[in-house]
Amino acid sequence: MKLIALQTKTTQNFQENLNHLKDLINSCEKDSLILAPELSLSEFSYDRMQEASDFSIKAIEELKALSKDKIIALTFITKKDDKFFNTLYMFHNLQIIHTQSKVKLFPLGNELEHFSCGNEQDIKIIEINGLKIATLICFELRFPQLWEKVKGADIILNPAMWGLKRKEHYESISKALALVNQCFVIASNCANDNMAKGSAIISPFGNTTKDDSKEIIEALFDKDEIKKVRTYIDIGLNKID
1 MKLIALQTKT TQNFQENLNH LKDLINSCEK DSLILAPELS LSEFSYDRMQ
51 EASDFSIKAI EELKALSKDK IIALTFITKK DDKFFNTLYM FHNLQIIHTQ
101 SKVKLFPLGN ELEHFSCGNE QDIKIIEING LKIATLICFE LRFPQLWEKV
151 KGADIILNPA MWGLKRKEHY ESISKALALV NQCFVIASNC ANDNMAKGSA
201 IISPFGNTTK DDSKEIIEAL FDKDEIKKVR TYIDIGLNKI D
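Counted from 1, the sequence shown has number 28 at position 28 by the UniProt record's numbering; the numbering is strictly sequential.
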């Protein structure tokens, strides 16, 4: 299976963003796990929140239709009970198989003024075809207590819109997450000019595949590598069911 981090620019045109994302997904081979950057269809469009949440309803259906033989994950601006959320959707076999809304909102980006926090209980490991997959959304990387909730995952996803000034932070924390959890990490960050890029596939041993000039970063998933690292440097993760 291929692990794929998309590293795309996001424009003000929601439909163009969706069309480009669909083209990239269609270009990926079957049995891929594909992660797009945080809010890759809309950015943090604080002046267009209702429009963005309405567009998300349409986009969710169109992206779900592309998931027959792929796992696709990305976040959307959604609305529930007159509140807006930054919500991850994961699609597989033409179904929505998991959702979770961002719990830790980034104060420097005014997220607290425009979004409501998700439920921390939704940060959890889900199983797809024997693979244990979990997600931390962007800023959530910085919270050690949330690392405990994804402990034991085979693959941890991090969709992000992480700023250029903190590029070293993003790359260092993403790699640390893979090393501490002895798992694969897919880090997918926005490629806009003020963003850090740094999208990567990071192995349980810390080997990193990345290229800031590309829109598609990919590497092969090898579950045996997880087993080898967890046996070679035994910190108890092999004992987690």
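Don't be surprised by glycine CBs; every beta carbon is placed ideally from N, CA and C.
On a predicted model such as this, the values are computed, not experimentally measured, just so you know.
| Asked | Found |
| --- | --- |
| Range covered by the beta strand (DSSP E) that runs through E127 | 126 to 128 |
| Coil, strand or helix - N192 by DSSP | coil |
| Unbroken alpha helix (DSSP H) run spanning N26, endpoints | 14 to 27 |
| Nearest residue (CA-CA) to P159, options E168, L74, N13 | L74 |
| Residues that DSSP places opposite G206 in a beta bridge | DSSP lists no partner for G206. |
| Contact set for H98: own chain, Cβ-Cβ below 6 Å, skip 5 residues either direction | M90, I126 |
| Which residues DSSP lists as bridging S53, in chain order | In the DSSP output, where bridge partners are listed per residue, S53 has none listed. |
| Status (buried if at least 16 other CB within 10 Å, exposed otherwise) for S56 | buried |
| A191 and Q7 closer than 7 Å at C-beta | yes |
| For I71, the three-state DSSP class (helix, strand or coil) | strand |
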